[in-house]
Amino acid sequence: MRFFKFNYFYLLTLVSLFIVYLNLLRFNSFQNQVNLIEDLSNNTYEFNVENLLNKSYPYPSLTVNSIPINTLEARYLINLNQIDEALRSIDEGLRHNPYMIYSHYLKARIYLSQNKLISSLEFLREGFKISPNNSYLTPLYFTLLAQLNQKEELIGVFDIISGINNIEVWKYYFISLKNINQLEDKFLSLVIDEAVLSLGISMESFLAIVNTQQNSR
Numbered sequence: 197m198r199f200f201k202f203n204y205f206y207l208l209t210l211v212s213l214f215i216v217y218l219n220l221l222r223f224n225s226f227q228n229q230v231n232l233i234e235d236l237s238n239n240t241y242e243f244n245v246e247n248l249l250n251k252s253y254p255y256p257s258l259t260v261n262s263i264p265i266n267t268l269e270a271r272y273l274i275n276l277n278q279i280d281e282a283l284r285s286i287d288e289g290l291r292h293n294p295y296m297i298y299s300h301y302l303k304a305r306i307y308l309s310q311n312k313l314i315s316s317l318e319f320l321r322e323g324f325k326i327s328p329n330n331s332y333l334t335p336l337y338f339t340l341l342a343q344l345n346q347k348e349e350l351i352g353v354f355d356i357i358s359g360i361n362n363i364e365v366w367k368y369y370f371i372s373l374k375n376i377n378q379l380e381d382k383f384l385s386l387v388i389d390e391a392v393l394s395l396g397i398s399m400e401s402f403l404a405i406v407n408t409q410q411n412s413r
């Protein structure tokens, strides 16, 4: 009986120590996450990524806003031109959270830089299905569809974005449509009407924003 109690106490001690260890890992991770997310928001690379690369397995695997640690790590690998390692890191991030569109966007950007347009489009398409209302993946998706002259697919997303109050989405959608060959003016007029309705602005304001974007290129 005494032996049983001793084993039980020993097991409880081990479990407690393990929980303390996990909490310590979580605390250190949260400290790193502040810097990682700040770098992402500012498009900078101030964080010493070696702190992550030296770890065999990140814990926890997701940041407080659900972006995989591996995906954020990939940003720095891309900046260091370690593309193969970055792709593997993004794949690991997608395994931890397949619904985070930033992972899809980052992988699409890599393929785009390698002129692998079809592969890039696949990840942009998947990210758009997950969340069409965003200001970075969706504009790139529309732009690439126009570049590849994917008229039917570009027209087909109209019903999906109808009602979305996001100027970046509508601005790039309209510009991309204008770059498609043999597109009817009637459909462009329909897009303008839906854009101003969704955004709650006048047609003049919408077209002025579009023209400003086109003139800035």
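Using my numbering, you'd call the opening residue of the sequence shown number 197 and step up by one each time. We treat Cβ as the ideally placed atom computed from N, Cα and C, and that holds for glycine.
The DSSP-derived three-state label of residue 333 is helix. Boundaries of the alpha helix (DSSP H) harbouring residue 320: 313–326, taken from the DSSP string. Exposure of residue 294 is indicated by the presence of fewer than 16 other C-beta atoms within 10 angstroms of its C-beta. When the alpha-carbon of residue 405 is set against those of 380, 367, 246, the nearest one is in 367. Residue ranges of uninterrupted alpha helix (DSSP H) with 4 or more members, entirely inside the segment 337–396 and ordered along the chain, are 347–352, 354–357, 363–374, 381–395. The distance from the Cβ of residue 300 to that of residue 264 is about 12 Å, inconsistent with a contact at the 8 Å cut-off. Annotation: the continuous alpha helix (DSSP H) that includes residue 301 extends over 297–309. The C-beta separation of residue 286 from residue 261 comes to about 17 Å, leaving the pair out of contact by the 8 Å criterion.
Counting along the chain, residue 406 sits inside the alpha helix (DSSP H) bounded by residues 399–411.
Judged by DSSP in its simplified three-state form, residue 258 adopts strand. Residue 351 and residue 373 have their C-alpha atoms spaced approximately 8 Å apart. With 16 or more other CB atoms across the displayed protein chains lying within 10 angstroms of its CB, residue 296 is buried. Beta-bridge annotation (DSSP): residue 264 is paired with 258. Residue 288: member of the alpha helix (DSSP H) spanning 279–292, first to last residue.
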